[in-house]
Every structure is written in structure tokens, then in C-alpha cells.
Amino acid sequence: MPDTLTADTVGPVDVAVIAFPGNQFNGDVAPALRDLQDKGTVRVLDLTFVRKDATGATTVVELADSGLTDAFEAVAGQDFDLLSEEDLLLVARDMPDSSSALVVVWENVWAARLAAAVRGSHGRVASLQRVPRETVAAAIEALDQEDAA
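Residue numbers for the sequence shown follow this note's numbering, beginning at 46 and rising by one.
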């Protein structure tokens with residue numbers, strides 16, 4: 046994967062806040078992220094951990110200081126430092142006490158060509174919505190019930 050970002054070729058970029066109860070990080074999501082990256086689906090641009098203790102005190106933990114370097118180093122690759130301290134404090138503000146989060150910025154490499162074509166056509170994505178998993182599951186269940194009837 047390229048180790049630079051250019052405005053002309055970058056795909057859509059998302060910030061995912063993956064929340065965990067408690068203040069223990071583990072590397073269990075790293076293989077799934079690495080798989081997405083190895084397949085060219087996403088490119089991880091930044092990755093940081095946020096921890097909030099029982100009193101509400103927030104700690105930002107960089108990968109090198111997390112104790113999870115081995116699990117995540119193949120995923121992190123080139124870190125573009127896109128997340129500011131202010132961004133991470135905003136994430137922490139919405140976290141409950143005694144919780145933690147993995148904050149990942151990724152480029153949707155799979156959509157880069159489409160995004161460039163849209164820009165080249167002077168178009169823009171006017172709306173993009175993520176449908177919650179629970180909504181999709183309920184719709185599938187309703188379809189299954191219709192088929193069974």
C-alpha cells in the first residue's frame with residue numbers, strides 16, 4: 046500500500062470508535078483489521094486507544110505505549126497522525142467511566158476509484174447512511190418469517 050496520502054486519489058475516510066467495557070485492551074480485533082488491510086479493502090491511517098477510569102479520568106494511549114504493539118503493528122503501518130488530542134478527548138467525553146475504546150481512522154480503499162470517478166464527474170455523495178446491524182437482522186428475520194408463511 047502507498048505510504049502517502051494525496052487528495053486526488055484518497056478514498057473515503059472513516060473514523061471508527063470501537064468501544065469496550067472495562068479498561069483492558071486486547072489484540073483480538075487486530076487480525077480482522079489486518080485481513081481487511083491485506084485484501085486492499087481498507088488502509089489504516091491512524092490508530093489510538095482511549096481509556097477512561099472509574100473516576101472519569103481519561104488517558105490517551107498510543108500504540109507504542111499500549112502493550113499491544115505486536116498485535117497491531119502490522120495493521121498500523123504508516124501512521125499519518127490524523128487524530129488530534131482534541132479529537133480523542135471528544136471521543137472520551139462520550140465514553141462511560143471504566144471503559145476503553147480503539148479509535149481507528151481508515152481509508153476505504155475499495156471505494157477510491159468510485160470516489161475519483163464521482164469527483165471527476167463533478168458529482169458528490171449527497172448522503173451515505175450506515176444501517177445498524179440490529180435493523181438489518183430484524184429485516185432478515187421478517188423476510189424469513191414471510192418465506193416460512
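Glycine included, every Cβ here is placed at the ideal spot set by N, Cα and C.
Exposure of residue i, with buried meaning 16 or more beta-carbon neighbours within 10 Å
i	result
A1	Here the chain comprises residues numbered 46 to 194, so residue 1 is not present and cannot be evaluated.
Q69	exposed
R222	Given a span of 46 to 194 for the chain in the structure shown, any question on residue 222 remains unanswerable.
E152	buried
R88	buried
Top-ranked residue by Cα proximity to residue i, from the options
i	options	result
V58	R96, T86, A64	T86
V55	A109, L92, A160	A160
V150	A61, G72, A99	A61
A137	L108, V74, V95, N71	V95
E131	L78, E152, V105	V105
P76	N153, D91, A119	A119
T93	D83, G67, L133, G168	L133
Rounded C-alpha distance that separates residue i from residue j
i	j	result
A187	D126	44 Å
K97	A193	47 Å
V163	A156	10 Å
A146	D189	35 Å
L81	A99	34 Å
D110	I185	42 Å
M140	V148	12 Å
D53	P66	39 Å
Local conformation of residue i per DSSP, three classes
i	result
T180	helix
L159	helix
F125	coil
Those runs of the alpha helix (DSSP H) which lie wholly inside the segment 68-108 and span at least 4 residues: Those alpha helix (DSSP H) runs which fall completely within the segment 68-108 and span 4+ residues are 75-83.
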